[in-house]
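Numbering (our numbering), first residue to last: 223 to 784.
No residue lacks a Cβ here, since even glycine has one placed at the ideal position from N, Cα and C.
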Amino acid sequence: MNEHRLVFEGTPDLWVIILFIFPLLLGIAGWAYRGPLLPPTYRKVFSGIRFTLLVGAVFLAFGPRLQKSAIHEEPAPLVLLLDDSASMERRDTLPPAEAKEIARELNIKSNSPRRLDILLGILESPFSKALEKNYAVEKWMFSSRAAPSGSSLPTGRGSSTALGDALLEIFTSYRGQRLPAVVAVTDGRSHQGTSVAEAAARIADEGIPVHVIALGDARPAPDLILEILQKPEQVLVGEDALVLLKIKALTWDDAHPVIVSLLDENNRTLDQTEIDTLNENGTRFSLSHRMDNAGFRRLRAKVSPLKEETARENNNVDIPIEVISRKVRVLYVEGRPRWEYRYLKNRLLRAEREIEMRCWLADAGSGFTQVASPGSPPLHKLPDETAALLDSFDVLIIGDVDPATLDPDPLFGPRFLDAVALFVEEGGGLLMLAGPRHNPASFLASPIEPILPIIVGKEARENTIEFQPIPADSEFPHPVVMLEVNPKDNFRIWQEAVPMRWSFPVERLRPGARAWLINPAESNLHGPAIIAAGGAAPEGRGAWMGTDETWRWRFPGGEAIP
223 MNEHRLVFEG TPDLWVIILF IFPLLLGIAG WAYRGPLLPP TYRKVFSGIR FTLLVGAVFL
283 AFGPRLQKSA IHEEPAPLVL LLDDSASMER RDTLPPAEAK EIARELNIKS NSPRRLDILL
343 GILESPFSKA LEKNYAVEKW MFSSRAAPSG SSLPTGRGSS TALGDALLEI FTSYRGQRLP
403 AVVAVTDGRS HQGTSVAEAA ARIADEGIPV HVIALGDARP APDLILEILQ KPEQVLVGED
463 ALVLLKIKAL TWDDAHPVIV SLLDENNRTL DQTEIDTLNE NGTRFSLSHR MDNAGFRRLR
523 AKVSPLKEET ARENNNVDIP IEVISRKVRV LYVEGRPRWE YRYLKNRLLR AEREIEMRCW
583 LADAGSGFTQ VASPGSPPLH KLPDETAALL DSFDVLIIGD VDPATLDPDP LFGPRFLDAV
643 ALFVEEGGGL LMLAGPRHNP ASFLASPIEP ILPIIVGKEA RENTIEFQPI PADSEFPHPV
703 VMLEVNPKDN FRIWQEAVPM RWSFPVERLR PGARAWLINP AESNLHGPAI IAAGGAAPEG
763 RGAWMGTDET WRWRFPGGEA IP
């Protein structure tokens, strides 16, 4: 519709024109011909002409201009968001009459249409034609990401579904423009990226209406999700790489056992297990393989997909592991040659293929030759610098020793503790072995205390009743206490091990730490008594063994626990 109107740039108010300008012009025109020289008729004619000219001049002075305006009606923008994920290939089990009705209404030839067929039928239906007539329709397709489709149509080949991300992508693309309404044609499967609820809440705050044409079955789609709970970053050549995993099932077909396999880079099966129990909370299990060759390995855990499962990218997880051929270098610092020292030292010496150990016994005389693994030079002085510790050792074990007795120099003890703390912060490992005399009593309020994975109790005490340390989590034990791959066999070994009689009381774990062994017969407000625990300490790791009786895990003919 077009409009024309005359407008003035400098027009005064109407009352000014009527009361001042109009009388003034009339007076000027009459005053100019007031003399008696002209007859009255001529005076009136000439006065009228002059008045008309004056009015024309004033009219032009007001700045007249002709304004033209045109009103064009544009349809409101609308985005048609089309699901292009693999789940659109599914054929839903619908009642025959309902399936035929859908096929007839959407002009689909098959009486068992795919979700994709229904979507394509909607695009050719009168509904879609009505949208195009009343709105400026822009078509977008999405799977892992959203993009304008142009003339392309969905094919159902998308590897994943990110409906929440697609909605946010549309919001971002139209920022600063007129915000469109959105009609999403999807089966509602979203298992990647931003949640649909989060995206919808953000879009609702901006006033963007979102309408959904839901396709498919209202029941949850079959989906297995494989997750890594724990894996080693590094293992030694000849050791087992133990990987703890969890499998979750979002499915109505829960009577179906599945096979989970551990595969190498060439898809050869290294280990596998059958999972009988599937649920949304997840089932935990482990897979392992002996690593015989050094190098960087990229293993993969894979679960066989369920029937009709389309979102299969979460059925696999990559497991990168570095296999190291060198020995672990250990420094064991102890006070007196207690039973714990004697047996642990001998056990480390026997592991000469995997461990290179050097000991420092603080109570030994000046002529005593400190113990070391075959081929390793014994220590003549304990290192007290971080660089020296990092260059020579991977793990430090500190037993029941007073730091003040490590060297005649009274400043050596504090220097050593500072060096140990930095050693752990920069990637080293520390194991503290409790004792009734000095550990941890002599290390409290030192740089070592924050590295401990536990907060110690007020005082140690002799246990008069034997107790049986067991893994803190019998179904999901830490690898340090995993003596058998099968969790049940592992728990049985710990239950049958020789009991203990003494432990240092622990109040609770530090944040982020994890209990390895507990005493189930004793507890406090924070839970069962903690016997052993570990945790991260910046780049390194700190561990705690709260008893000095691991030597009791032996029989006269050998060790009870290998």
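- By the neighbour-count criterion, in which a residue is buried when 16 or more other Cβ atoms sit within 10 angstroms of its Cβ, Phe518 is exposed.
- Under the DSSP assignment, Glu327 falls outside any beta strand (DSSP E), being part of the alpha helix (DSSP H) whose first and last residues are Pro318 to Glu327.
- Under the Cβ criterion (8 angstroms, minimum of three pairs), the region 503 to 510 does not count as touching the region 353 to 367.
- Taking the Cα of Leu302 as reference, the smallest distance to any Cα among His433, Leu276, Asn741 and His226 is reached at His433.
- In the DSSP assignment, Trp766 falls within the beta strand (DSSP E) that extends over Gly762 to Met767.
- The beta carbons of Phe713 and Gly768 sit no closer together than 8 angstroms.
- Scanning Leu276, Val703, Leu618 and Pro596 for the CA closest to the CA of Arg572 turns up Pro596.
- Here the alpha carbon of Ile673 sits roughly 20 angstroms from the alpha carbon of Phe634.
- In this structure, Leu739 keeps its C-beta atom at 8 angstroms or more from the C-beta atom of Pro675.
- In the DSSP assignment, the residues bridged to Val404 are Val301 and Val432.
- For Phe713, the uninterrupted alpha helix (DSSP H) segment begins and ends at Pro709 to Glu718.
- Contact between the region 655 to 670 and the region 616 to 636 is present: 3 or more CB-CB pairs across the two stretches fall below 8 angstroms.
- By the Cβ criterion, the region 383 to 401 is not in contact with the region 322 to 333, since fewer than three pairs of Cβ atoms, one from each stretch, lie closer than 8 angstroms.
- Beta bridge pairing from DSSP links Trp582 with Val555.
- The C-alpha of Leu705 is placed about 54 angstroms away from the C-alpha of Ser334.
- Short of 8 angstroms from the beta carbon of Pro318, and not among the five residues preceding or following it, lie these beta carbons of its own chain, in chain order: Asn333.
- With contacts defined as CB atoms closer than 8 angstroms, Leu304 and Leu341 qualify as a contacting pair.
- With 16 or more other CB atoms across the displayed protein chains lying within 10 angstroms of its CB, Pro709 is buried.
- If you draw a straight line from the Cα of Arg763 to the Cα of Glu461, it comes to about 20 angstroms.
- By the Cβ-count criterion, Thr274 is exposed, with fewer than 16 other Cβ atoms from all chains shown falling within 10 Å of its own Cβ.
- Looking at the DSSP output, His511 sits in a beta bridge with Ala463.
- Rounded to the nearest whole angstrom, the C-alpha separation of Pro527 and Asn536 is 10 angstroms.
- Per DSSP, the beta bridge partners of Asp445 are Leu472.
- Where Ser483 is concerned, the enclosing beta strand (DSSP E) starts and stops at Val480 to Leu485.
- The alpha-carbon of Leu466 is positioned some 5 angstroms away from that of Gln452.
- The DSSP-derived three-state label of Met654 is strand.
- When only Cα atoms are considered, Ala422 and Leu389 end up about 8 angstroms apart.
- Between Glu744 and Val678, the CB-CB gap reaches or exceeds 8 angstroms.
- Cβ contact annotation for Val229 (same chain, cutoff 7 angstroms, sequence separation greater than five): Arg287 and Gln289, in chain order.
- If you draw a straight line from the Cα of Thr608 to the Cα of Ser614, it is about 10 angstroms long.
- Taking C-beta atoms as the reference points, Asp387 and Thr416 count as a pair closer than 8 angstroms.
- A residue is called buried when at least 16 other Cβ atoms come within 10 angstroms of its Cβ; Lys331 does not meet this threshold and is exposed.
- Boundaries of the alpha helix (DSSP H) harbouring Leu571: Trp561 to Arg572, taken from the DSSP string.
- Here the alpha carbon of Ala436 sits roughly 12 angstroms from the alpha carbon of Met310.
- Boundaries of the alpha helix (DSSP H) around Ala388: Leu385 to Ser395.
- Minimum Cα-Cα distance from Ser588 among the listed residues Thr627, Gly756 and Asn661 corresponds to Thr627.
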